[in-house]
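**Q** Using the numbering used here, the first residue of the sequence shown is number 7, and each one after it goes up by one.
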Amino acid sequence: MMYIHYCRYCQRIHILNGHKNYCPRCRGHLTELKISYMKYVNLDKQERQNLKEHCKNPRELPLLAVSSDKTRDYAKWLQIPASNIEHYHSDHYAAYSH
Ligand SMILES: [Zn+2]
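(1) Would you call the segment 61-71 and the segment 13-25 in contact, with 3 or more CB pairs under 8 Å?
(2) Between Cys61 and ligand 1, is the CB less than 8 Å from at least one heavy atom?
(3) So what's Glu38 in DSSP terms, helix, strand or just coil?
(4) Using only CA atoms, which one of Glu53, Glu38, Arg54, Asn27 lies nearest to Tyr12?
(5) Quick one: give me the first and last residue of the alpha helix (DSSP H) that Leu69 is part of.
(6) Within 10 Å of its beta-carbon, does Val47 have 16 or more other beta-carbons around it, so buried, or fewer, so exposed?
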């Protein structure tokens, strides 16, 4: 499974296989974003740029990030893949899909 991560040091979005904590480029601490891989790959260039602009804002980044490991623990507890949970929460990003 691919997940969307943001590195605030490189100011780049990284698409990585699995849940990663560290940036493959600078080894900085990554923030995993709530947006699903499928949703992200369907964004056009401008929408990706907008998403990156939001990530750059320290006040907005926490809103875009997966809240904590709790989400994944909860998914485990429910015996469903974490990706479904992320997809469920991704309604928040509906604005990017229009
Ligand atoms: Zn980095």
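Just so it is clear, CB atoms sit at the ideal spot from N, CA and C, and this is done for glycine as well.
**A** Reading it off the structure:
(1) yes
(2) Here residue 61 corresponds to residue number 55 of the sequence shown, with the count starting at 1. Every heavy atom of ligand 1 is 8 Å or more from the Cβ of Cys61, so no.
(3) Translated into positions along the sequence shown, residue 38 becomes position 32. Glu38 falls in the strand class under three-state DSSP.
(4) Residue numbering aside, residue 12 sits at position 6 when the sequence shown is read from its first letter. Residue Glu38 is the option with its Cα nearest to Tyr12.
(5) Within the sequence shown, numbered from 1, the residue matching residue 69 stands at position 63. Note, Leu69: alpha helix (DSSP H), 67-70.
(6) Taking the first residue of the sequence shown as position 1, residue 47 is located at position 41. It is exposed - the Cβ of Val47 has fewer than 16 other Cβ atoms within 10 Å.
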